[in-house]
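Colleague:
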Amino acid sequence: MPDSIMYQEDGFIVLEPDKTEQILTSEELLEKLTNILSTRQNDLPRELQKFTTVETQAQYLMENFCDLDMGADSYLQWYVIRLEK
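Letter 26 of the sequence shown, counting from 1, is numbered 994 in this note's numbering, and no numbers are missing.
(1) Measuring CB to CB, does L1005 end up less than 8 Å from A1026?
(2) Considering only their Cβ atoms, is the gap separating L998 from V982 smaller than 8 Å?
(3) Exposed or buried, G979, counting other C-beta atoms within 10 Å across all chains shown (16 or more means buried)?
(4) Taking only runs of the beta strand (DSSP E) that begin and end inside the region 978-1020, which ones reach a length of at least 3 residues, in chain order?
(5) Can you look up L1029 in the DSSP assignment and give me helix, strand or coil?
(6) Looking at C-alpha atoms only, which residue of T1002, F1033 and G1039 is the closest neighbour of P985?
(7) Expressed to the nearest angstrom, what Euclidean distance is found between the alpha-carbon atoms of Q1045 and Q990?
(8) Leaving out five residues before and five after I1049 in sequence, what residues of the same chain have Cβ atoms less than 8 Å from its Cβ?
(9) Could you give the residue range of the beta strand (DSSP E) that holds L1044?
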């Protein structure tokens, strides 16, 4: 049986081109994804097109993926981190 710590998250490491890595909380990452997706409703990944609200799209993206292609030489990647063992 897996240890319950495997399902805990203390935040996310967020990577973007030409920027230093950031540590964001779940709420901060969700807000960042929501802002990005709100400007890209005509260019959504297929997996997100079934959701009717931007907030639902962002939540699904955050929980089920770890990157978002944002065009030529641009991307957003995030990885769950735990600060204690």
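We put the CB at the ideal spot given by N, CA and C, even for glycine.
Modeller: In brief:
(1) yes
(2) no
(3) buried
(4) 979-983 and 990-992
(5) helix
(6) G1039
(7) 11 Å
(8) E977, D978, G979, F980, I981 and I991
(9) Y1043 to I1049
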